[in-house]
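Structure first, then comments.
Number of protein chains: 2
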Amino acid sequence: MKPPSPDPKDPLVLFMPSGKRGRFPVGTNVLEAARQLGVYVESVCGGRATCGRCQVEVQEGSFAKHGIVSSCDHISAKGPKEERYGQVRGLPEGRRLSCSATVQGDLVVDVPQDTVINAQVVRKAASDRVIERNPAVRLCYVEVDEPDMHKPLGDLDRLKAVLASDWGVKDALVPQRLLPQVQKILRKESWGVTVAVHRDEDDARPEILAIWPGLHNEAYGLACDIGSTTIALHLVSLLSGRVVASAGTSNPQIRFGEDLMSRVSYVMMNPDGREAMTAAVREAVNGLIDKACAEGGVSQTDILDAVFVANPIMHHLFLGIDPTELGQAPFALAVSGAVHATAAELGLKANEGARVYLLPCIAGHVGADAAAATLSEGPHRQERMMLLVDVGTNAEIVLGNRERVVAASSPTGPAFEGAEISSGQRAAPGAIERVRIDAQTLEPRFRIIGSEKWSDEDGFAQDAARLGVTGICGSAIIEVVAEMFLAGIISEDGVVDGALAQRSARIVANGRTFSYLLHDGSPRIAVTQNDVRAIQLAKAALYAGIRLLMEKQGVAQVDTIRFAGAFGSFIDPKYAMVLGLIPDCDLAEVKAVGNAAGTGATMALLNRDHRREIEATVKRIEKIETALEPHFQQLFVDAMALPNKVDPFPKLAGAVRLPPRKATADAAGPGEAGPRRRSREERMARRARG
Amino acid sequence: MKPPSPDPKDPLVLFMPSGKRGRFPVGTNVLEAARQLGVYVESVCGGRATCGRCQVEVQEGSFAKHGIVSSCDHISAKGPKEERYGQVRGLPEGRRLSCSATVQGDLVVDVPQDTVINAQVVRKAASDRVIERNPAVRLCYVEVDEPDMHKPLGDLDRLKAVLASDWGVKDALVPQRLLPQVQKILRKESWGVTVAVHRDEDDARPEILAIWPGLHNEAYGLACDIGSTTIALHLVSLLSGRVVASAGTSNPQIRFGEDLMSRVSYVMMNPDGREAMTAAVREAVNGLIDKACAEGGVSQTDILDAVFVANPIMHHLFLGIDPTELGQAPFALAVSGAVHATAAELGLKANEGARVYLLPCIAGHVGADAAAATLSEGPHRQERMMLLVDVGTNAEIVLGNRERVVAASSPTGPAFEGAEISSGQRAAPGAIERVRIDAQTLEPRFRIIGSEKWSDEDGFAQDAARLGVTGICGSAIIEVVAEMFLAGIISEDGVVDGALAQRSARIVANGRTFSYLLHDGSPRIAVTQNDVRAIQLAKAALYAGIRLLMEKQGVAQVDTIRFAGAFGSFIDPKYAMVLGLIPDCDLAEVKAVGNAAGTGATMALLNRDHRREIEATVKRIEKIETALEPHFQQLFVDAMALPNKVDPFPKLAGAVRLPPRKATADAAGPGEAGPRRRSREERMARRARG
């Protein structure tokens, strides 16, 4: 290959979207130029103009910023091979095969991220970002020398020789399983074969995963996030980078225990518990593979690589590791580093040779899913201080920038997910998902899932009659408690003001405390003092964790906030800030990023450099164990107040009208007996300490 | 580690038997000094004086040649750890633990090759040679840091960290199978574990094969030669280098076909043929493993490595590869290079993580067994021209020296093994194994297997009555034909001289030809004209092959000859030379080396450098395909004469009285009809061309 030319008279070639550029002598092959510059352009056939994977598009026009005038005249005319490809397979208007076209003048070349071969149906993107590709598994078409009695190298040895000379794949390892197949495959299509080569870490030997007769032009990977509650899987083309199908299911381990700790207990109590849960999750993943392959029209034998992310307990159970150690201090992971395995070892439906990669775990409570979210959102890639929060039964918190990243897990408990809330329920039709309370009348308006109307609008009654008004879903619990606070129904210390019962029938006595009646139907939906306490405890745990990390970083505020996971997608950032779940921040900088863990898994699937990036990042992330921080308990107690004792929220003030702060805010409110309050708080603090 | 000192005042340490030497400051640990010099001294415990593997012996006395006066005073006195080891485990008189002892003055240190721990019974050496050790699998005892919540590295990750710091094993790969076991094993003996690490090729990542709690002090390997007829296996301690048990069995594939080609035919004719033969050979190997483990008192889970050698067809069948391609030109091997696999992949009884290595094959007819014999005898390591011959149904021939090595296979057929011979039989009690013929009377004397007496000695009759005289075994066929030649019964062109019938009743008519009556009993044992022809054809094939290689090397004679295999162990080199199986050579330089392939396998098992050595050697061995050499047929025809037309055997002349050579030797003898003779010869020549 010719290196970029230093001669300023040579044409300048700029590749988009990477922006990489260099000068090349007239006549340089465009694919070669891309490789010289480190621009990843796929090619299976090795420049024979048969696979069609190396398509590029010339952008015409004057690119003044780069000093380039690009034109279709600056690329060679189509030769006979390229013409033939166009006739046989079809080449979209404007597209060229970079392996056949040569540089004739200055060029701006677009490397499309959607090279669709065989009219594959593209269903859904894991995210809308463009992921630069450099997958760990590549397809390499080669034409092997026929056997020669004068040089009696074995068939496989000659295959390896041409892999080295044509593709630079030197000294590839070959699993024993392939040895009995090699000779027949080589003779099937006149010694032309496609080889799937795995090369992940630079210092690892490349390995041959599979061999097909002739040109094989399909290769897929899986990106899968195994959550405690749901499992989400993307089927991705390793050749085009596109997600061809996605599938999700609830984690069948739920039948062994709703939350993580109950599953650990199940393992501890049942001799076959670990095995049963491992089998359950692998079966579920196989079900998703079936579904995604059917949807994408993909053969399972074309799945060659897979990336999995999960929290530590799911990670261990998926790998067949007993998670008991994770249930007790010191929360020792069996393995924290990235794990390389094979699909066969894990009993997954894929090509026999398919590889599996699991991202590293950050700590015993902060898993590979948090690592994947970090990879996706990239606090370590930027100057600004980013807070990344994934709220579940535990909140996983990452805070940092290019300089330094810290991480912790905080035991929020299941209140944010609607559990432990008297009228809480999962998100389902009929569940209240939005709430507003009039500060004057204390009357509520709300919306339910399945209806487009607010409860005070025409037509709502019909929808309510059809769907029912069944409870409050997780995201609305934040909203209703925040609205109660903004309406003055609860004080800064979280006590429902019983005095308001004189003014509104919505405030009702409930033993020694008061509740707010949200909906007087069947069932009767109210927010009790206990509900408010549960939310207060959960938000205090989350906020104390964030605060601890901010102290570690020595910052008084963060620049940008990312909510990962389903919870973050549904709550209104404004209410999260009113309640004090998160620190003060420009609302425009608070973003829900959906399944960031799944996006990170896809990135690691499509580009092995991202694997090295997150492995190096996880090594330098400082893990803060809240249980070991004596200060954490004080932060937790302080965070019980609404919004928070320590945080004045100046940026939030513009967005909502915060009630005036009391001169002497005290965490123990008058409406609840002191001893009982303290004992619950202490229990939470103990839980927080692990 | 301290490098050897350049200071001439520092003590000089000489290690035997390697002869490596260097100066080290007073106080240098003896084990460290050995490692500095590249002397392999085993150590499992990593210098904790608990495994006892690093024993050495100080040689006392004046070693004038080296300028060293060595004395036990020049090594430090036993410290408390070493004393304790001696008390608990016992340390033979004069032995020291090199990890505990330090250099105090000039020393000659013997590294014993028989460090016997746990009073293992040593049964039989694969050969009497000392093999310097550097096995691909090593045991490493480590003490792992306990989990620390401040640094939440996983258990396995901390294990890998200490492997790197204590043993220089960096970034070891860990198979998924071990992940579920790690935590329990680590906690069993207070975080002390022994790790089996595989590192074969220098550029391959080390891999953890197995982990045991505490100090595990046993590791074994298998060296196995899979022959067409017999399978031989050695069980070898990887820690001491000693063969602890050997076992052999006949190859059960014989039931599918006596010789190689009939087994290939079986595969071609039977859809399940390949599978059945693969299963049969693996089962037989497992049987030998059972036997050797029982004999050596070794647990199968302590078998961690294995080296296999075989001819190409056995090699392919063992790996599960259809050998059909090897049955026809161009005799394409599926794989010729060294093969790395796991015992699990091949269904072998060993530790779950045990590795398997197969030496490279030289060509389609010259297998890994010939490579192993080459490794053992080392033509490539010396100046002299060495001829290495392994006679079976095919003769594998290697000829070369340090400069250049050539190899070929020649189709000798089964005559040398007693097949196709009228009274031929396998070596068994009652078979004639030695023959002498009186040149005057033409009367024979012979010995049979199972008797110490010659047939003309007192007491033979009783032995013969007990054992019977049942036939002629393979090695004796060479001898009887050679004696017939020396007695003038057959001419240079191999014709039994019918005229002698007038002089001796031993010469009997047999249709149009004559036979020599060796034993007039029941059965009647005679050597027929056809028998002589069969031997002539076999020896012509062998000798023509040798001659071809000598021509390639451009030498008129060879310096030294090695007969490998069972056949070579039983024939008398003198008779082999009389018949012209081998070229002229000092008889003292003709040696039978027994199972050289097995010895080579053992070398590759005990020292991974030997693997690289034979891989590099096989790459530069020039493979000569006799079928492609137009000259081969002429050499073959020329070699029909006794001893040989082209070779005057001046060195042999001193050892035996050769009959005077006829002026006009003609391959077609008068006693046999011309046309029939030629057609057989042509058939053989065709067979030789493949």
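If you're matching them up, the sequences are chains Y and H in order. Counting in my numbering, the first sequence runs without a single skipped number right up to 691 at its last residue. Counting in my numbering, the second sequence runs without a single skipped number right up to 691 at its last residue. The beta carbon of each residue, even a glycine, is placed where N, CA and C say it ideally should be.
Closest residue to residue i among the options (Cα-Cα distance)
i         : options                                       : result
GLU133(H) : GLU353(H), VAL579(H) and SER19(H)             : SER19(H)
CYS73(Y)  : VAL14(Y), ARG22(Y) and VAL367(Y)              : VAL14(Y)
GLY710(Y) : ILE304(Y), SER6(Y), LEU216(Y) and ALA541(Y)   : Since the first residue of chain Y shown is 2 and the last is 691, residue 710(Y) is not available in this structure.
GLY62(H)  : ALA541(H), GLY581(H) and VAL109(H)            : VAL109(H)
LEU468(H) : SER452(H), PHE571(H), ASN645(H) and VAL175(H) : SER452(H)
SER505(Y) : ALA542(Y), ASP439(Y) and SER492(Y)            : ASP439(Y)
ALA429(H) : MET387(H), MET270(H) and ALA477(H)            : ALA477(H)
LEU519(H) : ALA483(H), PHE447(H), MET578(H) and ALA565(H) : PHE447(H)
ASN352(Y) : ASP11(Y), ILE209(Y) and HIS632(Y)             : ILE209(Y)
ALA416(Y) : ALA541(Y), ALA355(Y) and ASN135(Y)            : ALA541(Y)
Backbone CA spacing between residue i and residue j [nearest angstrom]
i         : j         : result
THR195(Y) : LEU289(H) : 40 angstroms
PHE332(H) : THR514(H) : 39 angstroms
ASP303(Y) : GLY155(Y) : 27 angstroms
GLY425(Y) : LYS350(H) : 58 angstroms
SER247(H) : VAL45(H)  : 25 angstroms
PRO93(H)  : PRO380(H) : 39 angstroms
ILE422(Y) : THR618(Y) : 38 angstroms
PRO445(H) : THR413(H) : 27 angstroms
THR471(Y) : SER251(Y) : 22 angstroms
VAL579(H) : LEU318(H) : 38 angstroms
GLY348(Y) : ARG275(H) : 27 angstroms
ILE547(Y) : ASP585(Y) : 12 angstroms
SER337(Y) : PRO207(H) : 19 angstroms
ALA502(H) : MET485(H) : 14 angstroms
HIS199(H) : TRP192(Y) : 35 angstroms
PRO12(Y)  : CYS100(Y) : 18 angstroms
LEU629(Y) : MET150(H) : 8 angstroms
ASP107(Y) : VAL70(Y)  : 6 angstroms
N-terminal and C-terminal residue of the alpha helix (DSSP H) that residue i is part of
i         : result
SER263(H) : 261-270
TRP213(Y) : No alpha helix (DSSP H) contains TRP213(Y), which is instead part of the beta strand (DSSP E) from 208-214.
THR618(Y) : 609-621
Min CB distance residue i to chain H below 9 angstroms
i         : result
ASP570(Y) : Residue 570(Y) is actually Ser in this sequence, not Asp. Output row for SER570(Y): interface = no.
TYR12(Y)  : Reading the sequence as shown, one finds Pro at residue 12(Y) and not Tyr. Taking Cβ atoms only, chain H never reaches closer than 9 angstroms to PRO12(Y), which makes this a no.
PHE16(Y)  : no
8 angstroms contact criterion, which residue i and residue j should meet: CB distance rounded
i         : j         : result
VAL310(Y) : GLY601(Y) : 7 angstroms
CYS55(Y)  : VAL42(Y)  : 5 angstroms
GLY222(Y) : ALA307(Y) : 6 angstroms
VAL436(H) : VAL496(H) : That belief does not hold up - the Cβ atoms of VAL436(H) and VAL496(H) are roughly 20 angstroms apart, past 8 angstroms.
SER6(H)   : ARG24(H)  : 5 angstroms
First and last residue of the uninterrupted beta strand (DSSP E) at residue i
i         : result
ILE438(H) : 432-438
VAL244(Y) : 244-251
SER71(H)  : 69-71
ASP158(Y) : Run containing ASP158(Y): none in the beta strand (DSSP E); it sits in the alpha helix (DSSP H), 156-168.
TYR221(Y) : 221-227
Any chain Y beta carbon closer than 9 angstroms to residue i
i         : result
SER191(H) : no
GLY368(H) : no
SER128(H) : Below a pLDDT of 50, predicted positions are generally treated as unreliable, and SER128(H), at 49, falls in that range; no measurement from the model is reported.
LEU157(H) : yes
GLN184(H) : yes
THR343(H) : yes
PHE257(H) : no
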